[in-house]
Amino acid sequence: MLTVLLTGGAGFLGSHLADGFLARGDRVIALDTGSQKKIRHLRRHPRFRLVVDSVMNPDILDVLAARADLVYHLAGIVGVEHYVGDPYEVLNVNVNGTQNVLRAALKHGRRVVFASTSEVYGKNPAVPWREDADRVLGPSTIDRWCYATSKAAGEHFCLAFRRLGLVVTILRYFNVYGPRLDQLDVGRVVTIFMGQLLRGAPLTVIGDGSQTRCFTYVQDAVAATIAAGVTAAAADQIINVGSDVETSIRELAERMIAIGGGPSTLRFVAQESVYGAGYEDVARRVPDVSRMTAILGTRAVTPLDDGLARTIGWFRRQRADGAPDDA
Ligand code: UDP
């Protein structure tokens, strides 16, 4: 039985990862400052513990890293509205919080899995991206790029700590979605479209909707993420985690309407009208998943229609039960 520390353990990916480790029979310590709604179902679980504190607090990290066998660093500020709304917070937490976690893990000799992002590749047009692909970002005057920069700085810290003896795996996630994602109408495109879909309002497709993403169902991401922490060959590796099935945003909107039903239509909007001038879109985002398959032994197998049906069903049940949107 492992004791696994999950920073950001009450978040979207963290809560699902907690479920995954608990199902294996492991113990989970979740460190999180945020809402506890996503882990409400675990409150009385005998092998789950929530610590309400921050990765900005080195003292708590020291205590918790001493107790854990394995550390997942998932805590971070994510979501385009934060990148353009509060870049300071993004940079501060993602860069300085990551250093704190790595320092504590190194001190106690714990292995680390760091949750990075496909956003680090930026707008490199040469898809699919292998893990050694270039990072192609816009200017620092575009706030959007602060997230990619902060996560890439976190990766550099991981590699620097590796030289000091830390065992670390870096995972770059590709548009993970599923139940418990964000609150309706905010955060990532799936929850923005979801809020609109459930109200029967038009889905706001930015631009012409030809931009693509590879949407990865959370259960598939969790399988890869657990493997990254418990597979010897994953140590000291950088690995893309995602589906390699490319879907345009227009198609995503159409499929959500087809699956969810209701009167929603598509409404094409200019990007400035949603995120202002601090935003620049990524035209295509596609991983090369050969390392994930070879090293982690997992694949993103959930078809988009199935994953969307489960996600729409979950959000619909939350609303019917009168629970808060991000419960
Ligand atoms: N998007 C959209 N309508 C919205 C919100 C987002 O068309 O209301 C698009 C956005 O322009 C991007 C894609 O959906 O091309 C994915 O956006 P998200 O914010 O989920 O994250 P990203 O993949 O860009 O990091």
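Going letter by letter, the sequence shown gives residues 3 to 329 in this note's numbering.
Each residue gets a CB set at the ideal place from its N, CA and C atoms; glycine is no exception.
Which listed residue (Arg105, Arg287 and Pro265) has its alpha carbon closest to that of Ser212: Arg287
Helix, strand or coil at Pro289 [DSSP, three-state]: strand
C-alpha gap between Leu161 and Tyr123, whole angstroms: 17 Å
Short Cβ contact (7 Å threshold) for Ser266 with Leu205: yes
Segment limits, alpha helix (DSSP H) that includes Arg334: Since the first and last residues shown for the chain are 3 and 329, residue 334 lies out of range.
Boundaries of the beta strand (DSSP E) in which His2 is found, first to last residue: No answer is possible for residue 2: it lies beyond the span of the chain, which begins at 3 and ends at 329.
Val188 Cβ short of 6 Å to the ligand UDP heavy atom set: no
Beta-carbon proximity list for Lys125, same chain, < 6 Å, skipping 5 on both sides: Val138 and Val284
Given 8 Å, three or more beta-carbon pairs between the stretch 307 to 319 and the stretch 168 to 188: yes
Per-residue DSSP class, three states only, for Phe270: strand
Unbroken beta strand (DSSP E) run spanning Leu33, endpoints: Arg29 to Leu33
Reduced DSSP category for Ile251 - H, G, I as helix; E, B as strand; rest coil: helix
Stretch pair the stretch 189 to 197 + the stretch 218 to 225: three plus CB contacts closer than 8 Å: no
C-beta contact flag for Val243 and Met294 at 7 Å: yes
Burial state of Thr9, where buried means 16 or more other Cβ atoms lie within 10 Å: buried
Buried/exposed call for Val86, threshold 16 Cβ in 10 Å: buried
Same chain, Cβ closer than 7 Å to Gln273, five either side skipped, listed in chain order: Ile208, Gly209, Tyr281 and Asp283
Opposing strand residues paired with Leu8 [DSSP bridges]: Ala32 and Tyr74
Assigned exposure category for Asp328 - 16 Cβ within 10 Å defines buried: A caution first: Asp328 carries a pLDDT of 46, below 50, which makes its placement in the model too unreliable to give a value.
Top-ranked residue by Cα proximity to Leu15, from Ile241, Asp34, Gly111 and Ile194: Asp34
Residue of Val232, Ile41, Glu91 and Ser250 minimising C-alpha distance to Val82: Glu91
When Ser245, Met196, Asp21 and Pro130 are compared against Val303, the one with the closest alpha-carbon: Ser245
For Lys109, the nearest candidate out of Glu121, Gly167 and His158 (CA to CA): Gly167
Expected contact under 8 Å - CB spacing of Leu44 and Ala20 to nearest Å: 6 Å
Asn177 in three-state terms, based on DSSP: coil
Rounded straight-line distance, which links the Cα of Thr171 to that of Ala25: 22 Å
The ligand UDP heavy atom lying under 6 Å from the CB of Asp246: no
Assumed close pair Arg112, Leu76 - CB separation to whole angstroms, cut-off 8 Å: With a Cβ gap of about 15 Å, Arg112 and Leu76 do not count as contacting.
Closer than 6 Å: Asp283 CB and nearest the ligand UDP heavy atom: yes
Residue(s) in a DSSP beta bridge with Ser118: Arg174
Coarse secondary structure for Val207, derived from DSSP in three states: strand
Minimum C-alpha distance to Leu104 - residue among Arg312, Gly278, Gly27 and Gly156: Gly156
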